[in-house]
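**Student:** Please find one structure pasted underneath; my questions will follow.
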Amino acid sequence: MSPPVTREPDRLEIRAPRTAPVVTLVTGVIGLVAGVWLLLAGGTANLLLGAVLVLFFGVGALRAALRLARGKPLLIATPDGIDDGGSIVAAGFLPWSELGTIDVLPARGGSMLVIGVRDPEAVLSRTTPARARVGRAQAGRLGSPVVLPPTVLPVPADEIAADLERLRPDR
Numbered sequence: 022m023s024p025p026v027t028r029e030p031d032r033l034e035i036r037a038p039r040t041a042p043v044v045t046l047v048t049g050v051i052g053l054v055a056g057v058w059l060l061l062a063g064g065t066a067n068l069l070l071g072a073v074l075v076l077f078f079g080v081g082a083l084r085a086a087l088r089l090a091r092g093k094p095l096l097i098a099t100p101d102g103i104d105d106g107g108s109i110v111a112a113g114f115l116p117w118s119e120l121g122t123i124d125v126l127p128a129r130g131g132s133m134l135v136i137g138v139r140d141p142e143a144v145l146s147r148t149t150p151a152r153a154r155v156g157r158a159q160a161g162r163l164g165s166p167v168v169l170p171p172t173v174l175p176v177p178a179d180e181i182a183a184d185l186e187r188l189r190p191d192r
């Protein structure tokens, strides 16, 4: 298992804590079992509720299992740019020339890392329509679609912001 933060002279790699997907997976399996039990119990209300539970918790459990299996980093930063895999838009590679300010904003449970982009619509055009809608809402509220909340960050956001500024070539 990789450490949550890897700091090298020319590279920063941030991985999510493993606890969140494990909790999501366990919750999903419990909900899935409850849904199957309701489906087998029969009755119109049980069938309807069971189908909803199987669908909802099945998708959640599957996504959590994939997240655990892949173990893809949330963020990789180099002197060339930032590769975002952890924000809701999962913007992919962003060269430093496309990036603006890096802010730390207070949030419930800690601080969030907001990575400003010069052209939010260009970033949002590279993602799915559903993620783009959420990204537009975030950009309107927080100034950027690339936001990593405290729930996914293994260390305080201000530490990551300082590391990113250190890697930024134009500073």
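Residue numbers for the sequence shown follow the working numbering, beginning at 22 and rising by one. Positions of the beta carbon are idealized from the N, C-alpha and C atoms, including for glycine. The structure presented is a predicted model; accordingly, all values stated were derived computationally and were not measured.
How is Ser118 classed by DSSP in three states: helix, strand or coil?
**Tutor:** Taking the first residue of the sequence shown as position 1, residue 118 is located at position 97. Looking at Ser118 - three-state DSSP - the assignment turns out to be helix.
**Student:** Taking Gly131 and Ser165 to be in contact with their CB atoms under 8 Å, please state how far apart those CB atoms are, rounded to whole angstroms.
**Tutor:** Taking the first residue of the sequence shown as position 1, residue 131 is located at position 110. Taking the first residue of the sequence shown as position 1, residue 165 is located at position 144. Their Cβ separation, rounded to whole angstroms, is 18 Å, which puts Gly131 and Ser165 out of contact at 8 Å.
**Student:** Any idea what DSSP makes of Leu134, helix, strand or coil?
**Tutor:** Along the sequence shown, read from residue 1 onward, the residue named residue 134 stands at position 113. It is a strand residue.
**Student:** Among Val73, Ala160, Arg154, Ala37, which one has its Cα closest to the Cα of Asp124?
**Tutor:** For the purposes of this step, residue 124 is identified with residue 103 of the sequence shown, where counting begins at 1. Of Val73, Ala160, Arg154, Ala37, the residue nearest in Cα terms is Ala160.
**Student:** Whose C-alpha, out of Leu69, Leu46, Val47, is nearest the C-alpha of Val57?
**Tutor:** Position 36 of the sequence shown, counted from the start, is the residue given in the question as residue 57. Considering only alpha carbons, the answer is Leu69.
**Student:** So for Gly102, helix, strand or coil by DSSP?
**Tutor:** In the sequence shown, counting from the first residue as 1, residue 102 sits at position 81. Three-state result, Gly102: strand.
**Student:** Give me the Cα-Cα distance between Arg147 and Leu115, rounded to the nearest whole angstrom.
**Tutor:** On the sequence shown, position 126 is the one that residue 147 refers to. On the sequence shown, position 94 is the one that residue 115 refers to. When rounded, the distance between both Cα atoms is 11 Å.
**Student:** Once the 5 residues before and after Gly113 are set aside, which same chain residues still bring their CB inside 7 Å of it?
**Tutor:** Position 92 of the sequence shown, counting from 1, holds the residue named residue 113. Counting only Cβ-Cβ distances below 7 Å, and skipping sequence neighbours, we find Asp104, Asp105, Arg147.
**Student:** Just verifying my parser: in three-state terms, what is the DSSP assignment at Val144?
**Tutor:** Along the sequence shown, one-based indexing puts residue 144 at 123. Looking at Val144 - three-state DSSP - the assignment turns out to be helix.
**Student:** Contact check, Leu59 vs Leu46 under 8 Å by CB: the rounded distance?
**Tutor:** In the sequence shown, the residue the question calls residue 59 occupies position 38. In the sequence shown, the residue the question calls residue 46 occupies position 25. Not a contact, Cβ separation roughly 20 Å.
**Student:** Relative to the C-alpha of Arg157, which candidate in Val110, Gly63, Arg129 has its C-alpha closest?
**Tutor:** Mapped onto the sequence shown, residue 157 falls at position 136. Residue Val110 is the option with its Cα nearest to Arg157.
**Student:** Taking C-beta to C-beta, are Leu95 and Val168 nearer than 8 Å?
**Tutor:** The residue you call residue 95 lines up with position 74 of the sequence shown. The residue you call residue 168 lines up with position 147 of the sequence shown. For Leu95 and Val168, no; Cβs fall outside 8 Å.
**Student:** Within this structure, are the beta carbons of Pro25 and Leu89 separated by less than 8 Å?
**Tutor:** In the sequence shown, the residue the question calls residue 25 occupies position 4. In the sequence shown, the residue the question calls residue 89 occupies position 68. For Pro25 and Leu89, no; Cβs fall outside 8 Å.
**Student:** If you compare alpha carbons, which of Leu134, Gly102, Leu83 is closest to Thr48?
**Tutor:** Stepping through the sequence shown from its first residue, residue 48 is reached at position 27. For Thr48, the nearest C-alpha among the options comes from Leu83.
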